[in-house]
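If you read the sequences in order, they're chains A and B.
Okay, so the first sequence: first residue is 541 according to the working numbering, each after it adds one.
Okay, so the second sequence: first residue is 260 according to the working numbering, each after it adds one.
Everything below concerns the one structure shown next.
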Amino acid sequence: MSIEFRTTQRSVANTALAGLQSSLDRFQQLQQKLSSGVAISRPSDDPVGTVSIMQVRTDQSRADQYSRNASDGADLLGTADTALTTMLDDIRRLRVLAAQGINGGQSPDALSASAAEVESIRADLLAQANTRYLGRPIFAGTADVTDAYDANGSYQGDLGVAKRTVGPGTSVDVNVPGPDVFGPAGGDLFALAQQIADDLRSNQANLPGRLDQIDTSLQSVQNQLATVGARYNRVDTMRTLNDNRSAALGNTLADVQGVDIPHTIMDLQLQQTAYQAALGATARVVQPTLMDFLR
Amino acid sequence: MSEFSSLNAALTGLYAQKRALDVAGQNITNANTDGYSRQRVEMSALQGPTVPSIYSTWAGTGAGVSVDSISRLRDSFLEQRAAIEHGQLSAYQTRTGVLHQVEDVFGEPGDQSIQAQLSAFWNGWDDVANHPDDLAARQQLLEKSRTVAGQFNQVGGGLEAQWTSLREQLGATVENVNATAQQVAVLNAAIQRGTQSGSDVNDLADQRDQLVQQLAQLSGATVRGGSDGMVDVDLAGGALVRGTHANALAVSGVTSFDAVPDPTLGGAPAVDVVWAEGGYSASLAAGTAGGQLAAINTDIPGYRYRLDTLAQQLATTVNAAHANGFDQNGNAGGPVFTGTTARSLTMALTSPDQIAANSAPGSLDGAAAQTVGELGSASDGVDAHYRQLVVSLGVDAQTADRQQSIEEAVVQHLDASRESIAGVNLDEEMTNMVAFQHAYEASSRFLSAIDEALDTLVNHTGMVGR
Numbered sequence: 541m542s543i544e545f546r547t548t549q550r551s552v553a554n555t556a557l558a559g560l561q562s563s564l565d566r567f568q569q570l571q572q573k574l575s576s577g578v579a580i581s582r583p584s585d586d587p588v589g590t591v592s593i594m595q596v597r598t599d600q601s602r603a604d605q606y607s608r609n610a611s612d613g614a615d616l617l618g619t620a621d622t623a624l625t626t627m628l629d630d631i632r633r634l635r636v637l638a639a640q641g642i643n644g645g646q647s648p649d650a651l652s653a654s655a656a657e658v659e660s661i662r663a664d665l666l667a668q669a670n671t672r673y674l675g676r677p678i679f680a681g682t683a684d685v686t687d688a689y690d691a692n693g694s695y696q697g698d699l700g701v702a703k704r705t706v707g708p709g710t711s712v713d714v715n716v717p718g719p720d721v722f723g724p725a726g727g728d729l730f731a732l733a734q735q736i737a738d739d740l741r742s743n744q745a746n747l748p749g750r751l752d753q754i755d756t757s758l759q760s761v762q763n764q765l766a767t768v769g770a771r772y773n774r775v776d777t778m779r780t781l782n783d784n785r786s787a788a789l790g791n792t793l794a795d796v797q798g799v800d801i802p803h804t805i806m807d808l809q810l811q812q813t814a815y816q817a818a819l820g821a822t823a824r825v826v827q828p829t830l831m832d833f834l835r
Numbered sequence: 260m261s262e263f264s265s266l267n268a269a270l271t272g273l274y275a276q277k278r279a280l281d282v283a284g285q286n287i288t289n290a291n292t293d294g295y296s297r298q299r300v301e302m303s304a305l306q307g308p309t310v311p312s313i314y315s316t317w318a319g320t321g322a323g324v325s326v327d328s329i330s331r332l333r334d335s336f337l338e339q340r341a342a343i344e345h346g347q348l349s350a351y352q353t354r355t356g357v358l359h360q361v362e363d364v365f366g367e368p369g370d371q372s373i374q375a376q377l378s379a380f381w382n383g384w385d386d387v388a389n390h391p392d393d394l395a396a397r398q399q400l401l402e403k404s405r406t407v408a409g410q411f412n413q414v415g416g417g418l419e420a421q422w423t424s425l426r427e428q429l430g431a432t433v434e435n436v437n438a439t440a441q442q443v444a445v446l447n448a449a450i451q452r453g454t455q456s457g458s459d460v461n462d463l464a465d466q467r468d469q470l471v472q473q474l475a476q477l478s479g480a481t482v483r484g485g486s487d488g489m490v491d492v493d494l495a496g497g498a499l500v501r502g503t504h505a506n507a508l509a510v511s512g513v514t515s516f517d518a519v520p521d522p523t524l525g526g527a528p529a530v531d532v533v534w535a536e537g538g539y540s541a542s543l544a545a546g547t548a549g550g551q552l553a554a555i556n557t558d559i560p561g562y563r564y565r566l567d568t569l570a571q572q573l574a575t576t577v578n579a580a581h582a583n584g585f586d587q588n589g590n591a592g593g594p595v596f597t598g599t600t601a602r603s604l605t606m607a608l609t610s611p612d613q614i615a616a617n618s619a620p621g622s623l624d625g626a627a628a629q630t631v632g633e634l635g636s637a638s639d640g641v642d643a644h645y646r647q648l649v650v651s652l653g654v655d656a657q658t659a660d661r662q663q664s665i666e667e668a669v670v671q672h673l674d675a676s677r678e679s680i681a682g683v684n685l686d687e688e689m690t691n692m693v694a695f696q697h698a699y700e701a702s703s704r705f706l707s708a709i710d711e712a713l714d715t716l717v718n719h720t721g722m723v724g725r
């Protein structure tokens, strides 16, 4: 015996209603996607996609922070670079003045004028060594002081190294403590300059020895300048890397989270057609009964 | 057979066709009534005496038609299955609703969610590490720490509010079950009396069956036929309705969210629906109440304990790293967060100079802050665990969605089958009406034919030659 499946007006109406409802529901979902611009608005829409979005957002935020750290480090190193370059010129001038003192034949007035210039160069060197970045002396290590060297040329800072985190588990040194550049306390560049000024005035015989000392200082500053330049390159590269990574992650985020607009609009169009077809079919099926034909 | 018995036969025809027309009318008027089952007049031909006795003869024709009963077309096995599937669907619907609300509480993936606040928090430490003496960076970090703790509080509080509201809803559901079961028992009694006295109980039975389906949706109850047209309603083996008697349910267990144990530890459920008499568990697994119980005992506490663990981990790891640093006053870093649950997580620092950013007193190297800032990138850190929590929430909700849509399809087919048997087809009723109307007309024509024949016999016979 075959089971006869009776169809009733009510079941037709129910089926039509259920069909229209689900069609309208899909219509609304597409519309919501288009108007919000995001394909995933809650974890159950796509659990894996949700976690990708969260991961990518975190990574992007971190990459932006690394870039900011690198940028800050680059600024600091750039400041150090400028200060050291200026100081190199000063040290070369110091050497010229000392060499002139050795040659002899200079009047005491000229020597005393040279000595005065050396002292002003020393003051300038000290000023450069106290260069600040955002209110802090860059050659003072990590010490909490206002100046790296005081007026007498004695070092106030420590030998601490400041670092900037520029990648996961990667950090770069972004400062050079004063003694590393200018020589150890007592035997540093500023003491040397003062000695040269004194020698120019009263003891020119010491000057040839001072020339060697100047060369050592010059070498030390040049070395540190090279180090600073190399580190600057490194943080600058890391900044670019992190910026690129952030942009790439932004694209990934748009891919995972964003709505494929042409595709969605096509879907919407199809859904609209389906919805209209369902409406038309329902209008035709639900209306007639036997009553229309019995007379 | 006498002429007069033919008159009677015609009369039975008129009665029967009239009755059938009435039933067709009842069917048509109830074509859109919820729970109505179509009815049919069961007719049978009235036969002559089947056991002929001495001196009696029988010409062989019947004596008309009799209306035996008006049957209610309904498949009781389909009804039983419908009760089971509707109960299951209600449970899924309840659970899906709860999980979607939990998703709303977490608000992922979003700009204001825990994940976003954690990212900002870790970045804040880097800003302090870059400039340990910058009061603005420190102030900002304090604000970000407060926001992270606040976000944990909010999500934890949201889960608690949801749990409390569900606990109340469960009470309302159980009260509804008790009232409905009582009504079913009362209707059972009316049906029993009606059946015993032989009156029409079809509409009462329709009403009762609709209530039984409601019970199934509320509690996952199942139904089976009883005596005298009554039904028994069972709940996981226990008797919810036995004939004319209904047993009441009650909610037992804890009333505060804090008292709910971690569901992963096993053990007895914190909240249960029990029989009011005796107090032993009704073992509800389906229906709205079953879904609510699962959410109350398993889903919401599960997310809560995982979130609490994360809050603890955040406090422990940040505090430990912070303790290695030294603050602006040269003191070792104190705890950044206190509290052991998501709801009680509190930022403990009171002033920006308490942030221990440096590795030694008096130093400004920012090394300690850098260490804290990198905690967020750890592969087993709070962020990674939090993402795992969100992915399992997403999978749970998605699975519930799918289970629900599968069950919806099952229920839809089942309801179509029920409608196919019990529903009213207007075309069919119209056709029946035409048939019954014609039969009625023919019966009355038969009556007139006999009448005319009798008239001829009585008034015009024996008048020959008058």
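Where a beta carbon is used, it is the ideal one built from N, C-alpha and C, also for glycine.
Tell me which residue opens and which closes the beta strand (DSSP E) that Ala304 of chain B is part of. Translated into the one-based positions of the second sequence, residue 304 of chain B becomes position 45. Looking at the DSSP string, the run of the beta strand (DSSP E) that includes Ala304 of chain B is 298 to 305.
Report the option in A:Gln809, A:Val799, A:Asn784, A:Leu834 whose CA atom is closest to the CA atom of Asp599 of chain A. Your numbering for residue 599 of chain A matches position 59 in the first sequence. Nearest option by C-alpha distance: A:Asn784.
Say whether the stretch 573 to 581 of chain B touches the stretch 593 to 609 of chain B, bearing in mind that this needs 3 or more beta-carbon pairs closer than 8 angstroms, one atom from each stretch. yes
Going by C-alpha to C-alpha distance, which of A:Asp800, A:Val716, A:Tyr815, A:Gln812 sits closest to Pro880 of chain A? Nothing can be reported for residue 880 of chain A, as the shown portion of chain A is limited to 541 through 835.
Closest by CA to Gly621 of chain B, which one among B:Pro391, B:Arg602, B:Pro528? Counted from its first residue, the second sequence places residue 621 of chain B at position 362. It is B:Pro391 whose Cα lies nearest to the Cα of Gly621 of chain B.
Alpha carbon to alpha carbon, what distance is there between Gly790 of chain A and Gln472 of chain B? Locating residue 472 of chain B in the second sequence gives position 213, counting from the first residue. Locating residue 790 of chain A in the first sequence gives position 250, counting from the first residue. Whole-angstrom Cα-Cα distance: 53 angstroms.
Just to confirm, are Leu819 of chain A and Leu570 of chain A a CB contact at a threshold of 9 angstroms? In the first sequence, the residue the question calls residue 819 of chain A occupies position 279. In the first sequence, the residue the question calls residue 570 of chain A occupies position 30. No, these two residues do not count as a Cβ contact at 9 angstroms.
Just how far apart, CA to CA, sit Ala627 of chain B and Ala545 of chain B? Counting from one through the second sequence, the residue named residue 627 of chain B turns up at place 368. Counting from one through the second sequence, the residue named residue 545 of chain B turns up at place 286. One C-alpha to the other measures close to 54 angstroms.
Continuous alpha helix (DSSP H) assignments of at least 4 residues falling wholly in the stretch 612 to 684 of chain B: 626 to 633, 641 to 681
Exposed unless 16 or more other CB atoms sit within 10 angstroms - verdict on Leu716 of chain B: The residue given as residue 716 of chain B occupies position 457 in the second sequence. Looking at its Cβ environment, which holds fewer than 16 other Cβ atoms inside 10 Å, Leu716 of chain B is exposed.
Selection from A:Phe679, A:Gln762, A:Tyr815, A:Gln734 that minimises the alpha carbon distance to Leu637 of chain A: Along the first sequence, read from residue 1 onward, the residue named residue 637 of chain A stands at position 97. For the residues A:Phe679, A:Gln762, A:Tyr815, A:Gln734, the minimum Cα distance to Leu637 of chain A belongs to A:Gln734.
Going by DSSP, which residues form a beta bridge with Trp534 of chain B? To locate residue 534 of chain B, count along the second sequence from 1; it is residue 275. Trp534 of chain B pairs with B:Leu508.
Compare the Cα-Cα distances from Ala821 of chain A to each of A:Ala553, A:Ala788, A:Phe545 and report the closest residue. Counted from its first residue, the first sequence places residue 821 of chain A at position 281. With distances taken between Cα atoms, Ala821 of chain A lies closest to A:Ala553.
Under the assumption that His345 of chain B contacts Ala656 of chain B (Cβ atoms under 8 angstroms), give the Cβ distance between them as a whole number of angstroms. Residue 345 of chain B sits at position 86 when you count from the first residue of the second sequence. Residue 656 of chain B sits at position 397 when you count from the first residue of the second sequence. 22 angstroms between Cβ atoms; not a contact.
Report yes if the C-beta distance between Arg597 of chain A and Ala637 of chain B is below 9 angstroms; otherwise report no. Within the first sequence, residue 597 of chain A is the residue found at index 57, counting from 1. Within the second sequence, residue 637 of chain B is the residue found at index 378, counting from 1. Their beta carbons are not under 9 angstroms apart, which means Arg597 of chain A does not touch Ala637 of chain B by this criterion.
Using 10 angstroms around the beta-carbon of Met541 of chain A, count the other beta-carbons present and answer buried if the total reaches 16, otherwise exposed. As a first step, residue 541 of chain A is located in the first sequence; it is residue number 1 there, counting from the start. Only weak support is given to the placement of Met541 of chain A: the predicted model assigns it a pLDDT of 38, under 50, and the value that follows is read from those uncertain coordinates. By the 10 Å Cβ count, Met541 of chain A comes out exposed.
Test: Arg646 of chain B CB closer than 9 angstroms to a CB of chain A: Here residue 646 of chain B corresponds to residue number 387 of the second sequence, with the count starting at 1. Cβ-Cβ to chain A under 9 angstroms: yes for Arg646 of chain B.
Just the chain B side, please: which residues come within less than 7 angstroms of Met594 of chain A by C-beta, in chain order? For the purposes of this step, residue 594 of chain A is identified with residue 54 of the first sequence, where counting begins at 1. Result: Glu367, Pro368, Gln374, Arg646, Val649.
When burial is assigned at 16 or more other CB atoms within 10 Å of the CB, is Val631 of chain B buried or exposed? On the second sequence, residue 631 of chain B is found 372 positions in, with the first residue counted as 1. Val631 of chain B is buried by the Cβ-count criterion.
Using the C-alpha atoms, what's the distance from Asn412 of chain B back to Phe545 of chain A? Within the first sequence, numbered from 1, the residue matching residue 545 of chain A stands at position 5. Within the second sequence, numbered from 1, the residue matching residue 412 of chain B stands at position 153. Distance between the alpha carbons of Phe545 of chain A and Asn412 of chain B is about 57 angstroms.
The stretch 446 to 461 of chain B in contact with the stretch 487 to 506 of chain B per 3-pair CB rule at 8 angstroms: yes
Just verifying my parser: in three-state terms, what is the DSSP assignment at Tyr673 of chain A? On the first sequence, residue 673 of chain A is found 133 positions in, with the first residue counted as 1. Strand, per DSSP.
Selected residue, minimal CA-CA separation from Gly496 of chain B, among B:Gly484, B:Ala480, B:Leu508, B:Val510: By 1-based counting over the second sequence, the position of residue 496 of chain B is 237. Of B:Gly484, B:Ala480, B:Leu508, B:Val510, the residue nearest in Cα terms is B:Ala480.
Closer than 9 angstroms, CB to CB, is Asp585 of chain A near chain B or not? By 1-based counting over the first sequence, the position of residue 585 of chain A is 45. Interface residue, yes.
Within chain A, partners of His390 of chain B - CB distance below 7 angstroms: Here residue 390 of chain B is taken as the residue at index 131 of the second sequence, counted from 1. By Cβ distance, chain A contributes Leu674.
Can you pull the DSSP bridge partners for Arg704 of chain A? As a position in the first sequence, residue 704 of chain A is number 164, starting the count at 1. For Arg704 of chain A, which the question treats as bridged, DSSP gives the partners A:Val712.
Chain-order list of residues whose beta-carbon lies under 8 angstroms from that of Gln812 of chain A (same chain, five-residue window excluded): For the purposes of this step, residue 812 of chain A is taken as residue 272 along the first sequence, with counting starting at 1. Answer for Gln812 of chain A: Phe567, listed in chain order.
Quick check on the DSSP output: the beta strand (DSSP E) that includes Leu494 of chain B runs from which residue to which? The residue labelled residue 494 of chain B in the question sits at position 235 within the second sequence. Element bounds for Leu494 of chain B: 490 to 494.
Can you find a CB in chain B that lies within less than 9 angstroms of the CB of Gly618 of chain A? Taking the first sequence and counting its residues from 1, the one referred to as residue 618 of chain A is at position 78. Chain B contact via Cβ: absent.
Is Ala350 of chain B buried or exposed, if buried means 16 or more other CB atoms sit within 10 Å of its CB? Locating residue 350 of chain B in the second sequence gives position 91, where the first residue counts as 1. Label assigned to Ala350 of chain B: buried.
Hey, quick one: how far does the beta strand (DSSP E) through Val577 of chain B stretch, first residue to last? If you number the second sequence from 1, residue 577 of chain B lands on position 318. Run containing Val577 of chain B: none in the beta strand (DSSP E); it sits in the alpha helix (DSSP H), 559 to 582.
Neighbour flag for Glu711 of chain B against chain A, beta carbons, 9 angstroms: The count along the second sequence starts at 1 and reaches residue 711 of chain B at position 452. Taking Cβ atoms only, chain A never reaches closer than 9 angstroms to Glu711 of chain B, which makes this a no.
Just to confirm, is the Cβ distance from Leu499 of chain B to Pro528 of chain B under 9 angstroms? The residue given as residue 499 of chain B occupies position 240 in the second sequence. The residue given as residue 528 of chain B occupies position 269 in the second sequence. Against a cut-off of 9 angstroms, the Cβ pair of Pro528 of chain B and Leu499 of chain B comes out as no contact.
For Asn684 of chain B, which residues in chain A fall below 8 angstroms Cβ to Cβ? Reading the second sequence from its first residue, position 425 is the one you call residue 684 of chain B. Under the 8 angstroms cutoff, chain A gives Arg546, Thr547, Thr548, Gln549.
Which partner residues of Thr481 of chain B appear in the DSSP bridge assignment? Here residue 481 of chain B refers to the residue found at position 222 when the second sequence is read from its first residue. Answer is B:Asp493, bridged to Thr481 of chain B.
Out of B:Leu648, B:Ala615, B:Arg661, B:Gln662, point me to the one whose CA is closest to Gln398 of chain B's CA. Your numbering for residue 398 of chain B matches position 139 in the second sequence. It is B:Ala615.
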